[in-house]
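Visitor: According to the numbering used here, the first sequence is numbered sequentially starting from -2.
Ideal placement from N, C-alpha and C gives every residue a C-beta, glycine not left out.
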Amino acid sequence: MTVLKPRTPPPADYYRNNFQAVIDFIQLHHRCALSAEDTRWIDAWSRCDTAAQRLLIRLLMRKGPWIRADKLVYAEIPNLHQAVNELKDEGLISVDEPAPADHLLDLFTLPELGASFPHTRRRFRPQGKAAWVNCLLSNYPEDVLRHRIQDHLHWLRVAGQESLARMQLLYFGSPSADLTAFVLRDLGMIRYEIYPVEESATVLVAPGVLDRYRELVVLEKWFDFLPVIDGLTKSLHARLVKPVTLRAAERRRSRLLNTLGLWHERREDVDRALACYACSSRHPARERQVRLLTRTHREFEAELLLEAMAARSWCVEEEIFAERFSKQRGLKQPDECLIRERPLFEPGPPPNPGAIEAHALAELETEGAWGLHLENVLPLMLTGLAFWDVIFGPAPGAFTHPFQSAPHDLWWDDFAKARAAPLQQARAAFASHRDPQSIIQARYLEKYGTACDLVNWRAIDPDQLARILKVMPTETLKRLVDVVIQAPGRCRTGFPDLFVAWPDGTCEFVEVKGPSDQLQPQQRAWLKRLGALAIPASVLKYRRRRETSCAT
DNA sequence: CAGCCAATCG
DNA sequence: TTCACACTATCTA
DNA sequence: GATAGTGTGTCTCGATTGGCTGTG
Ligand SMILES: [Mn+2]
Ligand SMILES: [Mn+2]
-2 MTVLKPRTPP PADYYRNNFQ AVIDFIQLHH RCALSAEDTR WIDAWSRCDT AAQRLLIRLL
58 MRKGPWIRAD KLVYAEIPNL HQAVNELKDE GLISVDEPAP ADHLLDLFTL PELGASFPHT
118 RRRFRPQGKA AWVNCLLSNY PEDVLRHRIQ DHLHWLRVAG QESLARMQLL YFGSPSADLT
178 AFVLRDLGMI RYEIYPVEES ATVLVAPGVL DRYRELVVLE KWFDFLPVID GLTKSLHARL
238 VKPVTLRAAE RRRSRLLNTL GLWHERREDV DRALACYACS SRHPARERQV RLLTRTHREF
298 EAELLLEAMA ARSWCVEEEI FAERFSKQRG LKQPDECLIR ERPLFEPGPP PNPGAIEAHA
358 LAELETEGAW GLHLENVLPL MLTGLAFWDV IFGPAPGAFT HPFQSAPHDL WWDDFAKARA
418 APLQQARAAF ASHRDPQSII QARYLEKYGT ACDLVNWRAI DPDQLARILK VMPTETLKRL
478 VDVVIQAPGR CRTGFPDLFV AWPDGTCEFV EVKGPSDQLQ PQQRAWLKRL GALAIPASVL
538 KYRRRRETSC AT
């Protein structure tokens, strides 16, 4: 594997080879997902010689698509002109292709504009770049402007940005990952776990799925224009109604449907909102439907949905909502755990995030406790370290490329089912281990820094972890990680703010609430879960008080 | 000239 | 970039 | 207390550069 140093040139073919590896992988596993245009593009790439390929990948890594021809400075390309011509002959770039004039004008610097358009400068004296572009656009027809621009600079357009985006989506399985993953790994900025990549893995199956996924990624941008483009909701809805088989794409589709539904709600268009939510497979679609149906006196339909939510919930928020909404509405709902109240005297902590938790911690510390404000970080890290080998162990479709910080299905509901046997074994082993703290401790030191979605290394340092493990009862540790590993996606959020250890050897988890804050559904779910596990958990609620006396 | 931001690179 | 969490405003019981 | 709407921090990999903008 290549080792890179920051600011020192990589091997001449480094970027090219990275890209070639992606292409090779896709041709091996995803040939049928590619469009005819993708295939043509890859064929053209393959026909180019190394120097041209080096240039093309450099251009593709830039933002583009319009690039100044005089801004190509690449040491690894010996004959730039030859490379440009070769790419041009293959149709992989174009030179001076008619482009929107405003994009081309953006390629000029301010002084260059003054020098290139002296007449405009003298006559209109435009101030600032935006004024310059406006001024030129309103005084010249676009093709005239383009000819004038061409007298002063030449520009390239890279073809294949869309194909590259599609290939990256196929390779990484997520729209945010790109070729910089190679660079970050080779620089040592991110250390990835070593795991076997499934050879026959197919992330995307049907040929149309990739196109659909890409469409959904691109579609998101249009939501910004909802207030200004008339009839946009209709075309967005039309592109969102049909479900997708690929889970990541389906998740995205449903998220967009929920956004669109909310937009309709705010415009009081209940029917359209309901139509959006009905197509969505993601929270809070069913909650919104229940609320809207109830509000419009369709209690029967609402009741059906509530039953479905209670029977097969999508997430814990749904569980809690179904539970609390069904009961006598308007009445005070039962609490999940002990709630302690404390006075908060003026002026109190500042409204900064984390201030109220720090205040609570300070109070508890004066009473002899030791604690940390860690929230979800703690149970997730403990679980990640306790079951590291299962998490990075084989499972169908879990690992498809070497840049993963978790199996693809870590947060999906069938995580446990997909690796049932090894998980059962690991759970039994951990549950019966005489000294499970030592496993966690050793794993922390062994894997420190290795990318893992469950483990935020910076949040807990070795000394803090050692102290946590020392004061946390073994049974608490065992029960905690056992419940998380069986459904990581349902345990990801809502864990109480504080881990608190008392001198008598007991410990508890404390959710701190300021005067204007209340429990969220996920937090209720965790408190309930902790209660069921007989792990001490409570809410510490601060109430504002005027008096300067009276401490409980 | 300071401050900021987007682009670029390894 | 999303997401998780908190804060604020307004209403009701 | 319930509900809705809004804000913020935290991830982003970090450093360098060139260019724009506003202030003096
Ligand atoms: Mn919190
Ligand atoms: Mn809290």
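#1: Please name the residue or residues paired with A534 in a DSSP beta bridge.
#2: Under 8 angstroms by Cβ, that's how I've got E508 and L524 pegged, so tell me the actual separation to the nearest angstrom.
#3: Kindly list the residues whose CB is nearer than 8 angstroms to the CB of R143, restricted to its own chain and excluding five residues on each side of it in sequence; keep chain order.
#4: From what residue to what residue does the beta strand (DSSP E) around L335 run?
#5: Could you name the residues of the same chain whose beta carbon sits closer than 6 angstroms to that of P533, not counting the 5 residues immediately before and after it, in chain order?
#6: From W129, E159 and Q147, pick the residue whose C-alpha is nearest to that of A33; which is it?
#7: Within the continuous alpha helix (DSSP H) that includes V19, where are the two ends?
#8: For T447, which of helix, strand or coil comes out of DSSP?
#9: Here's a check: name, in chain order, each residue in its chain whose Cβ is nearer than 8 angstroms to the Cβ of L253, leaving out the five neighbours to either side.
#10: What do you reckon, are the CB atoms on L375 and G368 nearer than 8 angstroms?
#11: Just to confirm, does D494 get its C-beta within under 7 angstroms of one of the non-hydrogen atoms of ligand 1?
#12: Is it the case that the region 423 to 440 contacts the region 453 to 470, given that we only count it when at least three CB pairs across the two stretches are under 8 angstroms?
#13: Can you list, in chain order, the residues of its chain with a C-beta nearer than 8 angstroms to that of C312? Leave out the 5 residues immediately preceding and following it.
#14: Give the list of continuous alpha helix (DSSP H) stretches no shorter than 4 residues that lie fully inside the region 403 to 450.
#15: Quick one: grab the DSSP three-state call for W129.
#16: Which runs of the alpha helix (DSSP H), 4 residues or longer, sit entirely within the region 72 to 156?
#17: Would P493 be called buried (16 or more neighbouring beta carbons within 10 Å of its own) or exposed?
#18: DSSP state of Q307, grouped into three classes?
#19: Look up A548 in the DSSP assignment and say whether it is helix, strand or coil.
#20: Within the continuous beta strand (DSSP E) that includes L495, where are the two ends?
#21: Grouping DSSP H, G and I as helix and E and B as strand, with all else coil, what is R4?
#22: Go ahead and label K414 buried or exposed: buried means 16 or more other beta carbons lie within 10 angstroms of its beta carbon, across all protein chains shown.
#23: Report yes if the CB atom of T447 is closer than 8 angstroms to the CB atom of R188, and no otherwise.
#24: What residue range is occupied by the uninterrupted beta strand (DSSP E) comprising I64?
#25: Candidates L223, M378, P331 and D406: which alpha carbon is nearest L462's?
#26: DSSP on Y192, reduced to helix/strand/coil?
#27: Please go through the same chain and pick out, in chain order, the residues whose beta-carbon is closer than 6 angstroms to the beta-carbon of Q17, but skip the five residues on each side of it.
#28: Quick check: the Cα distance between H356 and G345, rounded to an integer number of angstroms?
#29: Should A245 and F400 be called a contact, given that it needs their Cβ atoms to be closer than 8 angstroms?
#30: Quick one: grab the DSSP three-state call for G390.
#31: So, under 8 angstroms CB-CB, N373 and T473 are touching, yes? Tell me the CB distance rounded to an integer number of Å.
#32: How many angstroms separate the CA atom of V266 from the CA atom of R209?
#33: Can the beta-carbon of A80 be found less than 8 angstroms from the beta-carbon of A48?
#34: Have a look at L442 and L361 and give me their C-alpha separation to the nearest angstrom.
#35: Taking the straight line between their C-alpha atoms, what separation do you get for S277 and D268?
#36: For I226, does the count of other Cβ atoms within 10 angstroms reach 16, so buried, or fall short, so exposed?
Guide: On the basis of the coordinates in this document:
#1: Here residue 534 corresponds to residue number 537 of the first sequence, with the count starting at 1. Paired residue(s): F506.
#2: Counting from 1 along the first sequence, the entry for residue 508 is found at position 511. Counting from 1 along the first sequence, the entry for residue 524 is found at position 527. 7 angstroms between Cβ atoms; contact.
#3: Your numbering for residue 143 matches position 146 in the first sequence. Exclusion of the five residues before and after R143 leaves P95, A96, A98 and L101 as the residues of its chain whose Cβ lies within less than 8 angstroms of its Cβ.
#4: Taking the first residue of the first sequence as position 1, residue 335 is located at position 338. First-last of the beta strand (DSSP E) with L335: L335 to F342.
#5: Translated into positions along the first sequence, residue 533 becomes position 536. Same-chain partners within the cutoff: E505.
#6: Along the first sequence, one-based indexing puts residue 33 at 36. A33 has its Cα closest to that of E159, out of W129, E159 and Q147.
#7: Taking the first sequence and counting its residues from 1, the one referred to as residue 19 is at position 22. Bounds of the alpha helix (DSSP H) holding V19 are Y11 to H26.
#8: Walking along the first sequence from the start, residue 447 turns up at place 450. Looking at T447 - three-state DSSP - the assignment turns out to be strand.
#9: Counting from 1 along the first sequence, the entry for residue 253 is found at position 256. Excluding its 5 nearest sequence neighbours in each direction, L253 has C-beta neighbours in its own chain below 8 angstroms: L213, L216, E217, F220, L233 and L237, listed in chain order.
#10: The residue labelled residue 375 in the question sits at position 378 within the first sequence. The residue labelled residue 368 in the question sits at position 371 within the first sequence. Contact: no.
#11: For the purposes of this step, residue 494 is identified with residue 497 of the first sequence, where counting begins at 1. Yes, Cβ of D494 sits closer than 7 angstroms to a heavy atom of ligand 1.
#12: These segments touch.
#13: The residue labelled residue 312 in the question sits at position 315 within the first sequence. Hits under 8 angstroms: H280, G486 and R487.
#14: Runs of the alpha helix (DSSP H) inside the region 403 to 450: 412 to 415, 417 to 428 and 433 to 444.
#15: Taking the first residue of the first sequence as 1, we reach residue 129 at position 132. Annotated three-state conformation of W129 is helix, per DSSP.
#16: The region 72 to 156 contains these whole alpha helix (DSSP H) runs: 77 to 86, 98 to 102, 107 to 113, 115 to 121, 126 to 136 and 139 to 149.
#17: Stepping through the first sequence from its first residue, residue 493 is reached at position 496. Buried: at least 16 other Cβ atoms inside 10 Å.
#18: For the purposes of this step, residue 307 is taken as residue 310 along the first sequence, with counting starting at 1. Position check: residue 307 holds Ala in this sequence, whereas Gln was assumed. Three-state DSSP puts A307 in a helix.
#19: For the purposes of this step, residue 548 is identified with residue 551 of the first sequence, where counting begins at 1. Model confidence at A548 stands at a pLDDT of 40, short of 50, so the residue's coordinates are unreliable and nothing is read from them.
#20: One-based indexing of the first sequence puts residue 495 at position 498. DSSP places L495 in the uninterrupted beta strand (DSSP E) bounded by L495 to A498.
#21: Within the first sequence, numbered from 1, the residue matching residue 4 stands at position 7. Correct three-state label for R4: coil.
#22: In the first sequence, counting from the first residue as 1, residue 414 sits at position 417. For K414, the number of other beta carbons within 10 angstroms of its own is below 16, and it is reported as exposed.
#23: Your numbering for residue 447 matches position 450 in the first sequence. Your numbering for residue 188 matches position 191 in the first sequence. Yes; because the gap between Cβ atoms is below 8 angstroms, this pair is in contact.
#24: Indexing the first sequence from 1 puts residue 64 at position 67. For I64, the enclosing beta strand (DSSP E) stretches over residues W63 to R65.
#25: Against the first sequence, residue 462 aligns to sequence position 465. When only C-alpha atoms are compared, the closest one is M378.
#26: Taking the first residue of the first sequence as position 1, residue 192 is located at position 195. DSSP places Y192 outside both helix and strand once states are collapsed to three, so it counts as coil.
#27: Locating residue 17 in the first sequence gives position 20, counting from the first residue. Contacts found: none.
#28: Looking up residue 356 in the first sequence gives position 359. Looking up residue 345 in the first sequence gives position 348. Roughly 9 angstroms between the two C-alpha positions.
#29: Position 248 of the first sequence, counted from the first residue, corresponds to residue 245. Position 403 of the first sequence, counted from the first residue, corresponds to residue 400. Note that the C-beta distance between A245 and F400 is not below 8 angstroms.
#30: Residue 390 sits at position 393 when you count from the first residue of the first sequence. G390: coil per DSSP, three-state reduction.
#31: In the first sequence, the residue the question calls residue 373 occupies position 376. In the first sequence, the residue the question calls residue 473 occupies position 476. Taking 8 angstroms as the upper bound for CB-CB distance, N373 and T473 are not in contact here, some 16 angstroms apart.
#32: Here the question's residue 266 lines up with position 269 in the first sequence. Here the question's residue 209 lines up with position 212 in the first sequence. It should be pointed out that residue 266 corresponds to Asp in this sequence rather than to Val. In this model, D266 and R209 are separated by some 28 angstroms (Cα to Cα).
#33: By 1-based counting over the first sequence, the position of residue 80 is 83. By 1-based counting over the first sequence, the position of residue 48 is 51. In contact: A80 and A48 (Cβ atoms closer than 8 angstroms).
#34: Within the first sequence, numbered from 1, the residue matching residue 442 stands at position 445. Within the first sequence, numbered from 1, the residue matching residue 361 stands at position 364. Between the C-alpha atoms of L442 and L361 there is a straight-line separation of about 30 angstroms.
#35: Translated into positions along the first sequence, residue 277 becomes position 280. Translated into positions along the first sequence, residue 268 becomes position 271. Each residue's alpha carbon lies about 15 angstroms from the other.
#36: For the purposes of this step, residue 226 is identified with residue 229 of the first sequence, where counting begins at 1. It counts as exposed.
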